[in-house]
Amino acid sequence: RKGYTWDVGVYNAADYGGAQRRSRMIIRATKGTELPPLPEKTGPRDWFEAVEDLIDDAPDSKAANWELKRIQKAIDSGRIDPSKPIITMGGSAFRGVASAANAGKAAPTLTATAKSVPRIILPDGRVKRVTGPMMRRLMGLPDDFVIPDNWGQAKSVLGNGVHGSITESFIAPLAKQGRALRRAGKGVEEAADTAATAGKEADRYFDPEALKRARSQANAHKSRESLVYLTPEQFLRMAKPLPSDAAPYKT
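To convert, take the position in the sequence shown, counting from 1, and add 18; that gives my numbering.
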């Protein structure tokens, strides 16, 4: 509509290299050109590998009894393996179901509310609170990406965000295509300016009638470069006497 080519889809960050299950609806649109191809799915990144070096320095924490009961229920059903590190997001969209995952998989979705505290439960019994820098990595952002120092504010900002893998896989190609189109447009404008300047120089140095015939010949051949292919004799027959200020052009 309105000259746009567009599509819409719901994409999970874990399908495109994210260390977190995080689905978002993405609408892509371009005008005057085709959409970049959809990226191939690559599978998830291991959440534990993403934050492992930050775990020891994270503050100790304690999971609520209701959360431990949910995790135990997941262990009893075989969904969670207690011999491996567990990440739990501190809440769930479904009553009685733990929002948790073992190491080796993508983490559950990080929410924006500070009431749900993500924790990491280690096989040795230690429980660590997921820090702001950990959440930043789980969101697929670089360590130098600035987040609020306050934990609750950082969780709110990150929990409302689009995962970095989705930005990189779906939005970055559109931005790259847009930059290429802008560069092409600038190139066309510069070419037009060059052609206009060349036209003025031609009017200055060549006999108008001869130049008119040459332009007519160029149009007949549908080529703007017909003048380039004139023989030296033809070129000299078209030339006017050079002005006194035209020394750079004598060669």
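We treat Cβ as the ideally placed atom computed from N, Cα and C, and that holds for glycine.
Computed from a prediction, not measured in an experiment: that's the story for all the values here.
| Item | Value |
| --- | --- |
| Segment limits, beta strand (DSSP E) that includes residue 271 | With the chain covering 19 to 269 only, the question about residue 271 has no answer from this structure. |
| Beta-carbon proximity check, residue 31 vs residue 40, cutoff 8 angstroms | yes |
| Outcome for residue 38 when other beta-carbon atoms lying within 10 angstroms are tallied against a minimum of 16 | buried |
| Reduced DSSP category for residue 63 - H, G, I as helix; E, B as strand; rest coil | coil |
| Delimiting residues of the beta strand (DSSP E) encompassing residue 177 | Element bounds for residue 177: not the beta strand (DSSP E) but the alpha helix (DSSP H), 169 to 177. |
| Contact set for residue 68: own chain, Cβ-Cβ below 7 angstroms, skip 5 residues either direction | 37, 155, 156 |
| Cβ neighbour criterion (16 or more within 10 Å) applied to residue 26 | exposed |
| Contact under 8 angstroms by Cβ, residue 29 with residue 44 | yes |
| Backbone CA spacing between residue 187 and residue 57 [nearest angstrom] | 6 angstroms |
| 8 angstroms Cβ shell around residue 122 - same chain, five flanking residues per side excluded | 64, 66, 102 |
| Residue 94 (DSSP reduced to helix, strand or coil) | helix |
| Anticipated Cβ contact below 8 angstroms, residue 170 with residue 132, distance rounded | 4 angstroms |
| Pair within 8 angstroms by beta-carbon distance, residue 106 and residue 81 | yes |
| Helix, strand or coil at residue 27 [DSSP, three-state] | strand |
| Status (buried if at least 16 other CB within 10 Å, exposed otherwise) for residue 52 | exposed |
| Span of the alpha helix (DSSP H), counted from its first residue to its last, around residue 154 | 150 to 156 |
| Alpha-carbon spacing of residue 24 relative to residue 196, whole angstroms | 14 angstroms |
| CB contact check: residue 44 to chain C, cutoff 8 angstroms | Looking at the structure shown, chain C is missing, and only one protein chain is on hand. |
| Beta-carbon contacts of residue 183 that lie in its chain and below 7 angstroms, excluding the five residues immediately before and after | 31, 34, 35, 36, 158 |
| Of the listed residues 191, 200, 202, nearest to residue 54 (C-alpha basis) | 191 |
| As assigned by DSSP and simplified to three states, the class of residue 194 | helix |
| Residue burial classification, residue 189 (beta-carbon count within 10 angstroms, cutoff 16) | exposed |
| Beta strand (DSSP E) segment containing residue 132, residue limits | Here residue 132 belongs to no beta strand (DSSP E), and DSSP marks it neither H nor E. |
| Neighbourhood of residue 89 by C-beta, 8 angstroms cutoff - its chain only, sequence neighbours within 5 removed | 81, 98, 104, 106, 116, 118, 139 |
| Residue 108 versus residue 165 - alpha carbon distance | 21 angstroms |
| DSSP-derived helix/strand/coil call for residue 146 | strand |
| Secondary structure of residue 10, DSSP reduced to three states | Missing from the structure shown is residue 10; the chain here goes from 19 to 269 and no further. |
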